[in-house]
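Enquirer: Be aware that the sequence shown starts at 10, since it is given in my numbering, and climbs by one per residue.
No residue lacks a Cβ here, since even glycine has one placed at the ideal position from N, Cα and C.
None of these values were measured; they are calculated from a predicted model.
Before we start, here is the structure in question, set down as structure tokens.
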Amino acid sequence: MLTVMKANFDVQQIRKDFPILKQEVNGRQLIYLDNAATSQKPQVVIDAINRYYKEQNANVHRGVHFLSQLATREYDDARVKVQRFINAAESHEIIFTRGTTESINLVAYSYGRKFVREGDEIIISAMEHHSNIVPWQILCEQTGAKLRVIPINDDGELLIDEFALMLNPRVKLVAVAHLSNALGTLNPVKRIIELAHSHDIPVLLDGAQAAPHLKIDVRDLDCDFYAFSGHKMCGPTGIGVLYGKSELLNMMPPFMGGGDMIASVTFEKTTYNVLPAKFEAGTPHIEGAIVLGVAIDYLNSVGLDRVAAYEHELLGYATEVIGAIPGIKIIGTAREKASVLSFTLDGIHPHDMGTILDQEGIAIRAGHHCAQPVMKRFGIPATARASFAFYNTREEIDALAEGIQKAVEVFNG
Ligand code: C6P
Numbered sequence: 010m011l012t013v014m015k016a017n018f019d020v021q022q023i024r025k026d027f028p029i030l031k032q033e034v035n036g037r038q039l040i041y042l043d044n045a046a047t048s049q050k051p052q053v054v055i056d057a058i059n060r061y062y063k064e065q066n067a068n069v070h071r072g073v074h075f076l077s078q079l080a081t082r083e084y085d086d087a088r089v090k091v092q093r094f095i096n097a098a099e100s101h102e103i104i105f106t107r108g109t110t111e112s113i114n115l116v117a118y119s120y121g122r123k124f125v126r127e128g129d130e131i132i133i134s135a136m137e138h139h140s141n142i143v144p145w146q147i148l149c150e151q152t153g154a155k156l157r158v159i160p161i162n163d164d165g166e167l168l169i170d171e172f173a174l175m176l177n178p179r180v181k182l183v184a185v186a187h188l189s190n191a192l193g194t195l196n197p198v199k200r201i202i203e204l205a206h207s208h209d210i211p212v213l214l215d216g217a218q219a220a221p222h223l224k225i226d227v228r229d230l231d232c233d234f235y236a237f238s239g240h241k242m243c244g245p246t247g248i249g250v251l252y253g254k255s256e257l258l259n260m261m262p263p264f265m266g267g268g269d270m271i272a273s274v275t276f277e278k279t280t281y282n283v284l285p286a287k288f289e290a291g292t293p294h295i296e297g298a299i300v301l302g303v304a305i306d307y308l309n310s311v312g313l314d315r316v317a318a319y320e321h322e323l324l325g326y327a328t329e330v331i332g333a334i335p336g337i338k339i340i341g342t343a344r345e346k347a348s349v350l351s352f353t354l355d356g357i358h359p360h361d362m363g364t365i366l367d368q369e370g371i372a373i374r375a376g377h378h379c380a381q382p383v384m385k386r387f388g389i390p391a392t393a394r395a396s397f398a399f400y401n402t403r404e405e406i407d408a409l410a411e412g413i414q415k416a417v418e419v420f421n422g
């Protein structure tokens, strides 16, 4: 049963949807604060995986038999759910991928192969995840194009005036995070898109962290590409989405060749299928896509606006409570933030902090968060990161604060 939200956000009711949260870790009630790495899954999602293999499993777009048609219908319906979830104009603008990483690689390879030449420029930002750095570096190495980086200030905010000055006719794409996984900064993406579009430059948004926490409207944003992962938004691993404006996707060559992406094949010449099949070679992650649709139904039942409002309040509380601990330095103090609290503590390595908190049953992430350049920008090797979801509570944040105090006692006497 879905939890239907009434007037108030009843977090205890929501928590009942997530069986894993009842678990004990190291003899303590699990406190899961590693949601930026992956979210937990509600019972409806777990059940839907089971149901798919018990009742629906067949290959899609290939068979005339009952099960194949059922699986095909469910798979295509899932695409429409994603389309509505991000308010895309057409369902064929939704390409199923393995996740954000594959979505960005698809654009780097396909758009890059078609439109990027020696001397051209790609703009990213100083706070990107490696998934939104390395594919562009590979493209630049292969084409002789140049990677340019929007700088950030000490709060972890993009310097938009500097960005405006970087725009010129050689720039072929701007690719930035909607929400930073390492700092929690919510970037002014509408402004970035307006500025880039005033120079006819398309924009890709890495929405891996934003899609689980904010209502995404790709038409209102007017972004050209939007990439996100199912597993960070209550869905299964191994499924993700690339949204692209059909005008652009239609101009781009296939990313991979194989079954389903062709119209006809001879040894002399192959013609390609229309969107979205052109970009979905081979048997797709059928169960993943269908169950992502179920996760979207679940998130819609909770309400993304309410999720955003609740998490905003939670992050505010965490910032206050954790920020008040002597020796804590919050890394990422932008005015606009969501869901992520990264910090360091004098004298304690983030990995040690993570280990001590684990003893208390508290799961956080410690490390560079696949964003080494932003760590370098702040002159640190790593941070401890607590990242929140709508099923977390103030009491869990209090327990985190107590756990940090314990770490202080262990290490700093
Ligand atoms: N960040 C984190 O703990 P994949 O792995 O393809 O689902 O997502 C990659 C990715 C891309 N962009 C951003 C902003 C991300 O945060 C991530 C994944 C996880 O922060 C795992 S490193």
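Answer with buried or exposed for alanine 1, where buried requires no fewer than 16 other C-beta atoms within 10 angstroms of its C-beta.
Expert: Absent from the model: residue 1. The displayed extent of the chain is 10 to 422, so no value can be given.
Enquirer: Rank Thr402, Thr194 and Ala184 by C-alpha distance to the C-alpha of isoleucine 202 and give the top, closest one.
Expert: Along the sequence shown, read from residue 1 onward, the residue named residue 202 stands at position 193. That would be Ala184, whose Cα lies nearest to the Cα of isoleucine 202.
Enquirer: Classify methionine 270: buried if its beta carbon has 16 or more other beta carbons within 10 angstroms, exposed otherwise.
Expert: Position 261 of the sequence shown, counted from the first residue, corresponds to residue 270. It is buried - the Cβ of methionine 270 has at least 16 other Cβ atoms within 10 Å.
Enquirer: Does the segment 252–262 come within contact of the segment 115–123, defined as at least 3 CB pairs closer than 8 Å?
Expert: They touch, by the three-pair rule.
Enquirer: Can you give the Cα-Cα distance for glycine 291 and histidine 358, rounded to whole angstroms?
Expert: Along the sequence shown, one-based indexing puts residue 291 at 282. Along the sequence shown, one-based indexing puts residue 358 at 349. If I take the Cα positions, the gap works out to 45 Å.
Enquirer: Reducing DSSP to helix, strand and coil, say where lysine 181 ends up.
Expert: Locating residue 181 in the sequence shown gives position 172, where the first residue counts as 1. Here lysine 181 sits in strand by DSSP.
Enquirer: For the ligand C6P, is there a heavy atom less than 6 Å away from the beta-carbon of cysteine 243?
Expert: Locating residue 243 in the sequence shown gives position 234, counting from the first residue. No, the ligand C6P has no heavy atom inside 6 Å of this Cβ.
Enquirer: Keeping to the same chain, check which residues put their C-beta closer than 6 Å to that of arginine 386; ignore five residues upstream and five downstream.
Expert: Start at 1 with the first residue of the sequence shown, and residue 386 comes out as number 377. Ala135.
Enquirer: At 4 residues or longer, what runs of the alpha helix (DSSP H) sit wholly inside the segment 331–399?
Expert: If we require 4 residues or more, the alpha helix (DSSP H) runs fully inside the segment 331–399 come out as 359–368 and 381–386.
Enquirer: Per DSSP, what kind of secondary structure is asparagine 421 in: helix, strand or coil?
Expert: By 1-based counting over the sequence shown, the position of residue 421 is 412. Note: asparagine 421 maps to helix in three-state DSSP.
Enquirer: Take every Cβ of the segment 337–349, pair it with every Cβ of the segment 404–411, and state whether three or more of those distances are shorter than 8 Å.
Expert: Verdict: no, contact absent.
Enquirer: Skipping 5 residues on each side, what residues in its chain have a beta carbon closer than 7 Å to that of isoleucine 373?
Expert: As a first step, residue 373 is located in the sequence shown; it is residue number 364 there, counting from the start. Result list for isoleucine 373: Leu42, Asp43, Gly363, Leu366, Ala393, Arg394 and Ala395, in chain order.
Enquirer: Just to confirm the assignment: which complete beta strand (DSSP E) runs, minimum length 3, are found wholly within the segment 47–109?
Expert: Listed in chain order, they are 103–106.
Enquirer: Do you know how far the Cα of asparagine 141 is from the Cα of leucine 76?
Expert: As a first step, residue 76 must be located in the sequence shown, where it is residue number 67. As a first step, residue 141 must be located in the sequence shown, where it is residue number 132. Their backbone Cα atoms lie some 38 Å apart in a straight line.
Enquirer: I'd like to confirm something about alanine 217: is its beta-carbon nearer than 6 Å to some heavy atom of the ligand C6P, or not?
Expert: For the purposes of this step, residue 217 is taken as residue 208 along the sequence shown, with counting starting at 1. True, at least one ligand heavy atom lies under 6 Å from that Cβ.
Enquirer: Do the segment 139–155 and the segment 163–172 touch if we need at least three Cβ pairs shorter than 8 Å?
Expert: Counting Cβ pairs under 8 Å, fewer than three are found: no touch.
Enquirer: Can you grab the Cα-Cα spacing for the pair threonine 110 / phenylalanine 420, in whole Å?
Expert: For the purposes of this step, residue 110 is taken as residue 101 along the sequence shown, with counting starting at 1. For the purposes of this step, residue 420 is taken as residue 411 along the sequence shown, with counting starting at 1. C-alpha separation (whole angstroms): 37 Å.
Enquirer: In this structure, what does DSSP give as the bridge partners for leucine 148?
Expert: Translated into positions along the sequence shown, residue 148 becomes position 139. DSSP lists no partner for leucine 148.
Enquirer: With a threshold of 8 Å, are at least 3 pairs of Cβ atoms found where one atom belongs to the segment 175–193 and the other to the segment 210–219?
Expert: With a cut-off of 8 Å, the segment 210–219 and the segment 175–193 count as touching, because enough Cβ pairs lie within range.
Enquirer: Quick check on the DSSP output: what are the complete beta strand (DSSP E) runs of length 3 or more inside the segment 198–265, in order along the chain?
Expert: Complete beta strand (DSSP E) runs here, min 3: 212–215, 234–238 and 249–253.
Enquirer: Round the Cβ separation of leucine 230 and valine 274 to the nearest angstrom and send it over; I've been treating them as touching at under 8 Å.
Expert: Translated into the one-based positions of the sequence shown, residue 230 becomes position 221. Translated into the one-based positions of the sequence shown, residue 274 becomes position 265. With 8 Å as the limit, leucine 230 and valine 274 do not qualify as a contact, their Cβ atoms being about 38 Å apart.
Enquirer: So, tyrosine 61 versus isoleucine 299, is the Cβ gap smaller than 7 Å?
Expert: Counted from its first residue, the sequence shown places residue 61 at position 52. Counted from its first residue, the sequence shown places residue 299 at position 290. Their beta carbons are under 7 Å apart, which means tyrosine 61 touches isoleucine 299 by this criterion.
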